[in-house]
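First the structure, in the form of structure tokens, and then the observations on it.
Numbering (our numbering), first residue to last: 3 to 1004.
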């Protein structure tokens, strides 16, 4: 590299670590722009050279390695002092720090110039710049660019065909002069690949080499790849550039196009080593290679710096218009290692409150999806998707879909950051371990000795199950519900973790322990667990997920074996709050009406097609189906491929004979539903998909199969047609329901006309609770039913601050629609009993096309008497409404609690008093009361002995209960009762309602 005739020579002084060699200038060096110094050096030994500028109290230096016995151009970077104007001295130290060296060094051509911005190694515009040689495969030379519409507008590019006989097909450029990577050590190259694969770019010299392997995630498109070679900045012998396409594969012979191989200055991320698990932080840890969405993702300034995300740079993703499932896909090209790091985190800023989808796919295993709702829009949200259950599976791609399933008319901009994998940890927080005197205050509840005794003592059974030195010791007291209390240091936070764990050593005979969390606002919340082993340490877990929204739990009570005779000491230890490990379906009782909800109610055996059905996240959470978990059915081969649910015995279709199923179908096809097995002939019903790519509830009428004894339900998707193998259908909420209501809807007398789920609204302290079903307080007039619904209207102050509104009411969201069969009779009737005149509202809601309707009010005009009120719905379509809402005394708020009764909700003109074929209700006689009105006492004229008499006021409150043998004309004192109307319920000696009566007290 040095052809000069004359050079400088310097012999280093022996015994001088820094043998000084100085040049002093008359004027200061101007390095404002010319701050890259170059010097050619010949050294007799492999060592270092230090170049330094100083003067005026300032200095800058740079040290470079050098090989022996060869001219080498060294580059010294002084840009850090570009603004200094006082340095006049240039110092050279050969082999600095080596006091044993007295060698002679030669140097030449010391120059200063500006820092280079780039070096084009290859662009093929005027033929190849480099001498490319295909040691394996074929270099096809310069060819015409097949696609100038993308990022590469060049007319000419290079072409190389890989050898199919070499795993590492060698394609190389070699030159005599070393390539300088000291200042320009970020390489950029554009590649157009025919297939998704990988490539290696390598710089190599004499004993020096650095390579970077990159994934090619997309085929038939120009992509630019940038690689960090800053680790080779001090290499001085690099003379080779090597490319390997599809490295490690010896069976492919594809042709790759490449262009614009350029060296660039290193950036602030030079030398960054990838952190395991970090996918992309849009700063220096950019470890993902994007497939789909690569041209929609870019690095931008953080638009919303906050405590959730304070990083300066983030990713900007532009979701294309009209594309509901547009995705950002990180392609690993190889199976993703989730053996340890298997919980995905990502911070997302979304302008819309739509759910996110995180998905693993692209490998040998079926895709795994996790949908997560976006709780807030226009703010950073930190998402966590737990893929640990799939750690052993084979996936090569990580897919992220913003506003999954929602398409927009215009492009929508989202932001994402800190995409990374972390290790799943069963996190827990120790609340009490009893070491060093304990962390909480423990005492028998209310400090009452009748609730027992407590002390901290040495562990009586230290071992592998519990190695603690100290534990708590509790002995029950004389109270049947003896309990132990702990006062928490701060309110219990159940927002993230909801399971409390406690180690227990129980005495012989112990069976259960109840953990009770105490809230001043919400009251006590209890969870009871069985003690399966006594005389040994066991861990009991208590899941309070249903109480996670309560924020003021300040006390824990422990109740051991309530109402028992168990004696002895209970030892406790290591009270902790952590992740839920309890089966969420534990304790759930099977509902015989539900076939499969793909969560906790999976109540039939799949005897055929089980391999084609899997539990899956809901791909389309919507009003049609807001369940998070559904069934995913993948079509196998065969036109009559089916899935069979088999039951232990005959399916009871006496009342519940309508098969309801929610289906998300990829296209409109005909499905077949079949009952078979048992003693009856098969019954088939066909139903066509009414809408594709959305959830639709289908109701299949099997009433004709009642009593035929079938024990199998068979489902055929696209029945009888050669299937599209691999096509996916989603199912949910497969259950047996009632036929649409066409006469009686509710009478409170029993199944199926006494549904649960009534919920108060806008009703103060009663809000979100339910009504009571009580004995009819006045079995006369238009309603002689035994049981009725009781509605309590909460008193209020009138300004709504107490949660009481003028429209306080109750609703029932049912599963069975109301069907008006006569267009001239679209009326609903209901029996009502109140103590004053009022306007009463009945609304039908949750129809097929109408979600809500205006208030529908009618007058109640017969205080203290049952009245049948009828509401007309003729101005609305027969919309198969499933929800009934009731409002009593519309537009008024009482000053004291009021009790009203309602019963026999039915289509007008039909009857609810008797449910023929289901119930047989015997009439209850009216008894005579004398005197009536009464002041001091009354007598009941009854034909038989009575075992119990109950008296109620008009608000439904029981004011008297007599549990003795009463004969006809027995006297009952009423002198202490307030004036008003009272109702009597009389029961026979067997506890059966025998009669009722009404009297007036003066």
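Cβ coordinates follow ideal geometry from the N, Cα and C atoms, glycine included.
Best match in the options for proximity to residue i [C-alpha to C-alpha]
i	options	result
residue 381	704, 369, 371 and 356	356
residue 365	745, 346 and 394	394
residue 1005	988, 390, 847 and 735	The chain is shown from 3 up to 1004; residue 1005 falls before or after that span and cannot be answered.
residue 642	206, 533 and 721	721
residue 455	480, 466, 911 and 62	480
residue 475	796, 744, 573 and 942	573
residue 961	942, 663, 981 and 716	981
residue 883	754, 774, 354 and 742	742
residue 615	155, 604 and 178	604
residue 843	892, 142 and 798	892
residue 141	114, 126, 173 and 71	173
residue 875	124, 858 and 943	858
residue 670	625, 701, 683 and 723	723
residue 207	200, 787 and 178	178
residue 796	376, 898, 821 and 825	898
residue 373	855, 116 and 403	403
residue 227	205, 188, 385 and 209	188
residue 879	910, 929, 7 and 826	826
residue 612	590, 587 and 644	644
residue 371	384, 630 and 542	630
Whole-Å CB distance - residue i paired with residue j, under 8 Å assumed
i	j	result
residue 42	residue 110	5 Å
residue 346	residue 387	4 Å
residue 762	residue 835	Between residue 835 and residue 762 the Cβ distance is about 18 Å, and since that is not below 8 Å, they are no contact.
residue 132	residue 175	4 Å
residue 234	residue 243	Not really, about 12 Å apart at Cβ, beyond 8 Å.
residue 249	residue 202	5 Å
residue 362	residue 319	About 19 Å; that fails the 8 Å criterion.
residue 533	residue 564	With 8 Å as the limit, residue 533 and residue 564 do not qualify as a contact, their Cβ atoms being about 13 Å apart.
residue 746	residue 872	Rounded, the Cβ-Cβ distance is 15 Å, inconsistent with contact.
residue 344	residue 390	4 Å
residue 267	residue 359	Contact flag wrong, Cβ pair sits at about 39 Å.
Where residue i falls, given that 16 or more other Cβ within 10 Å makes a residue buried
i	result
residue 557	buried
residue 2	The question about residue 2 has no answer, for the chain in this structure spans 3 to 1004.
residue 517	buried
residue 414	buried
residue 937	exposed
residue 446	buried
residue 850	exposed
residue 38	buried
residue 271	exposed
residue 463	exposed
Other residues of its chain near residue i: CB distance less than 7 Å, five sequence neighbours each side excluded
i	result
residue 582	500, 501, 545 and 547
residue 129	144
residue 921	In this prediction, residue 921 scores a pLDDT of 28, lower than 50, which makes its location untrustworthy; the coordinate-derived value is nonetheless stated afterwards. Only 751 and 752 meet the Cβ criterion.
residue 254	164, 166 and 248
residue 845	855, 857, 858 and 887
Below-7 Å beta-carbon distance, residue i vs any chain C residue
i	result
residue 185	No chain C appears in the structure shown, which is made up of a single protein chain.
Neighbourhood of residue i by C-beta distance below 6 Å, restricted to the same chain and skipping five residues each side
i	result
residue 1005	Absent from the model: residue 1005. The displayed extent of the chain is 3 to 1004, so no value can be given.
residue 681	711
residue 17	101
residue 283	420
residue 181	240
residue 817	739
Sequence-distant residues of the same chain with beta carbon closer than 8 Å to residue i, five excluded per side
i	result
residue 754	657, 658, 740 and 920
residue 792	773, 774, 775, 776, 901, 902, 903 and 958
For this session: Examine the Cβ distances between the segment 322–340 and the segment 392–406 and report whether three or more of them are shorter than 8 Å.
Result: yes
For this session: Give a yes or no on contact between the segment 759–767 and the segment 780–788, applying the rule of three or more CB pairs nearer than 8 Å.
Result: no
Problem set entry | Touch test, the segment 796–813 against the segment 883–892, Cβ-Cβ under 8 Å, three pairs minimum | yes
Exercise. Three or more beta-carbon pairs under 8 Å between the segment 253–263 and the segment 188–203, yes or no?
Worked result: yes
For this session: Pair every Cβ in the segment 624–634 with every Cβ in the segment 730–747, then say whether three or more of these pairs are closer than 8 Å.
Result: yes
Exercise. Counting pairs of beta carbons, one from the segment 214–233 and one from the segment 281–297, are three or more of them closer than 8 Å?
Worked result: yes
Problem set entry | the segment 682–702 touching the segment 615–631, judged by at least three CB pairs closer than 8 Å | yes
Exercise. Any contact of the segment 117–128 with the segment 58–75, i.e. 3+ C-beta pairs under 8 Å?
Worked result: no
Exercise. Is the segment 73–80 touching the segment 20–29, taking contact as three or more C-beta pairs under 8 Å?
Worked result: no
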